[in-house]
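If you read the sequence shown in the UniProt record's numbering, its first letter stands for residue 1, the second for the next number, and so on.
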Amino acid sequence: MWDADSGTFSASRNGSASKITNLAAGTLAADSTDAVNGSQLFDTNEKVDQNTADITTNTNSINQNTTDIATQHHQYQQPERFHHHAHR
């Protein structure tokens, strides 16, 4: 219902909050002014969760690669000792 005092739509009934159901999926675009529904938010949350997991995996891989590179660099910085043995 339109609330003229606040200039907004309100889903409250008799002063109690209520939810809007059977809402069609809104358009997801930069210029959209559509409302979104629960399934759209769920899909977004699933993608955020996957991205978070992927970022963690990538961070772990980067850290391991950094360690591996540092280890190899340290190994190559060590002087090599060559021993010349005369063949008999």
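For every residue, glycine included, the Cβ atom is placed at its ideal position computed from N, Cα and C.
Note that the structure is a prediction, hence the values are computed from the model and not measured.
Could you give the C-beta distance for A11 and I20, rounded to a whole number, given that I count them as a contact under 8 Å?
Yes, they are in contact, since the Cβ atoms of A11 and I20 sit about 5 Å apart, within 8 Å.
If we ignore side chains and look at the alpha-carbon of each, how far apart do residue 89 and N60 end up?
In the structure as shown, the chain starts at 1 and stops at 88, and residue 89 therefore has no counterpart that could be examined.
Rounded to a whole number of angstroms, what is the C-alpha to C-alpha distance between H73 and I62?
Cα to Cα, the separation comes out at about 16 Å.
Helix, strand or coil: how does DSSP classify D68 here?
DSSP places D68 in helix when its eight states are reduced to three.
From the DSSP output, which residues share a beta bridge with D43?
Answer is none; D43 lacks a bridge partner.
Starting from the C-beta of W2, find all residues in its chain whose C-beta is less than 7 Å away, skip the five residues before and the five after it, and write them out in chain order.
Cβ neighbours of W2 beyond the five flanking positions: F9.
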